[in-house]
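Note sheet for the following structure.
Residue numbers (the numbering used here): 511 to 886.
Laid out in structure tokens, this is it:
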């Protein structure tokens, strides 16, 4: 299902000089395509992505999953559909396996279990809403738990081609003897029209704050990222949040479209349709290898631009270097790639950062591609 050159796709890119902890260096990155993921429950087709480390294990979570009875691509009639889940989670590289090998939790008859619970009493359900993980999992609790901030969407609006985002939610992930467990202390954090802090990326910094980033796209002058922060044990409480206003951290939340005044990172790419697109999906993290913050992302017009861009900064509030392409996701013959993510949790040195993305290819094939980005 991949382009013939994909199996050995290697991109080598020289980046601008940065001041790292060890002094001034000129980083370079090479990227090697690894193939698509394979699950112990092999009949699954899904998208989304992102993840993190909990208890020393590496986790990836996903959005809508179609599990077929025969392993074949889901038929248009859905005659071979065995189960559908709004989201799922898997352990990557368990017990020394390749990172493309996923350990899912469920049954061979029905596939992966639904992972994130609904607020049924507040009107959420599989037929009405979806909880879509498409960001990283920040490691908290001294490594024993994680938290992520998926979007909750309205399926009816989505089917009608309307704006479907309702709000984002906070999900805590803990491990038990039976596998990972998700809990939602609150139904929603940031609602439609507000910056969806955390739904792009989040990270725990050395100052004890959890930093959450929201993307802004398809505006005239606001495209980029905005930032919020909260004490790491208070992420479920909106009153504990502070927001970057362009000059300082403040209690007042900025508007989604404020002309970019409160952005910590500015990025806009004008597509052939004349629309300006900001960042789409990606991850922001501290690089142990270079001693700076790295931001790896795919633009919001991912169906057209399959480049992975890298930018760096010594501060979470900027300034950031000019984004440079460090990898080109393999081109599909009859589809496109989206939902790009980076995983700094696999290598404690920061030298190797795995990448993933969703691959959609007709007819109704949803797979997860992976590559290793190696700094030198």
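Every residue, glycine too, gets a C-beta built ideally from N, C-alpha and C.
Rounded separation between residue i and residue j - CA only
| i | j | result |
| --- | --- | --- |
| residue 872 | residue 761 | 47 Å |
| residue 534 | residue 802 | No answer about residue 534 holds up, because its pLDDT of 39 lies below 50 and its placement is not dependable. |
| residue 796 | residue 585 | 43 Å |
| residue 711 | residue 764 | 18 Å |
| residue 752 | residue 635 | 32 Å |
| residue 536 | residue 843 | Annotation note: pLDDT 44 at residue 536 (below 50); position unreliable, no value reported. |
| residue 700 | residue 866 | 26 Å |
| residue 670 | residue 664 | 10 Å |
| residue 630 | residue 698 | 13 Å |
| residue 541 | residue 632 | 45 Å |
| residue 756 | residue 827 | 8 Å |
| residue 592 | residue 579 | 5 Å |
| residue 702 | residue 653 | 31 Å |
| residue 831 | residue 619 | 49 Å |
| residue 860 | residue 692 | 28 Å |
| residue 539 | residue 668 | 38 Å |
| residue 738 | residue 603 | 32 Å |
| residue 898 | residue 736 | In the structure as shown, the chain begins at 511 and stops at 886. Residue 898 is therefore absent and cannot be evaluated. |
| residue 856 | residue 607 | 13 Å |
| residue 783 | residue 567 | 43 Å |
| residue 785 | residue 748 | 33 Å |
| residue 674 | residue 599 | 23 Å |
| residue 870 | residue 839 | 13 Å |
| residue 696 | residue 628 | 11 Å |
| residue 694 | residue 687 | 20 Å |
| residue 637 | residue 594 | 11 Å |
| residue 841 | residue 716 | 39 Å |
Supposed close pair residue i, residue j - CB separation, criterion 8 Å
| i | j | result |
| --- | --- | --- |
| residue 777 | residue 788 | 6 Å |
| residue 576 | residue 556 | 7 Å |
| residue 623 | residue 581 | Not quite, the Cβ-Cβ distance comes to about 19 Å (not below 8 Å), so this is no contact. |
| residue 811 | residue 781 | 5 Å |
| residue 558 | residue 643 | 5 Å |
| residue 647 | residue 562 | 3 Å |
| residue 792 | residue 775 | Actually they are not in contact, since the Cβ atoms of residue 792 and residue 775 sit about 11 Å apart, beyond 8 Å. |
| residue 484 | residue 639 | This structure does not reach residue 484, given that the chain is present from 511 up to 886, and the question cannot be answered. |
| residue 886 | residue 798 | Not really, about 15 Å apart at Cβ, beyond 8 Å. |
| residue 766 | residue 813 | Rounded, the Cβ-Cβ distance is 23 Å, inconsistent with contact. |
Same chain, Cβ closer than 8 Å to residue i, five either side skipped, listed in chain order
| i | result |
| --- | --- |
| residue 742 | 650, 714, 718, 719 and 720 |
| residue 564 | 647, 649, 653, 654, 655, 656, 683, 684, 685 and 690 |
| residue 740 | 719, 720, 722, 747, 750, 751 and 752 |
Pair within 7 Å by beta-carbon distance, residue i and residue j
| i | j | result |
| --- | --- | --- |
| residue 754 | residue 772 | yes |
| residue 645 | residue 734 | no |
| residue 569 | residue 601 | yes |
| residue 880 | residue 672 | no |
| residue 724 | residue 746 | no |
| residue 829 | residue 770 | no |
| residue 819 | residue 833 | yes |
| residue 874 | residue 583 | yes |
| residue 547 | residue 878 | yes |
Contact with chain C by residue i, beta-carbon distance below 7 Å
| i | result |
| --- | --- |
| residue 874 | Here chain C cannot be found, since the structure has a single protein chain. |
Sequence-distant residues of the same chain with beta carbon closer than 6 Å to residue i, five excluded per side
| i | result |
| --- | --- |
| residue 641 | 596, 597, 626, 660 and 662 |
| residue 862 | 882 and 884 |
| residue 809 | 779, 787, 790 and 815 |
| residue 854 | 795 and 863 |
| residue 821 | 805, 830, 831 and 833 |
| residue 709 | 645, 659, 661 and 678 |
| residue 744 | 750 |
| residue 824 | 802 |
| residue 727 | 733, 787, 788 and 810 |
Nonlocal neighbours in the same chain, by C-beta distance under 7 Å from residue i, ignoring five residues either side
| i | result |
| --- | --- |
| residue 768 | 732 |
| residue 573 | 556, 557, 558, 597, 642, 643 and 644 |
| residue 590 | 578, 579, 580, 582 and 584 |
| residue 704 | 763 and 766 |
Any non-hydrogen atom of the ligand PLP closer than 6 Å to residue i Cβ
| i | result |
| --- | --- |
| residue 780 | The ligand PLP is not among the ligands present in this structure, which contains no ligands whatsoever. |
- Message: Check whether the stretch 650-661 and the stretch 669-686 touch, using three or more Cβ-Cβ pairs below 8 Å as the test.
- Response: yes
- Query: Between the stretch 537-552 and the stretch 611-627, do at least 3 Cβ pairs fall closer than 8 Å?
  - Reply: yes
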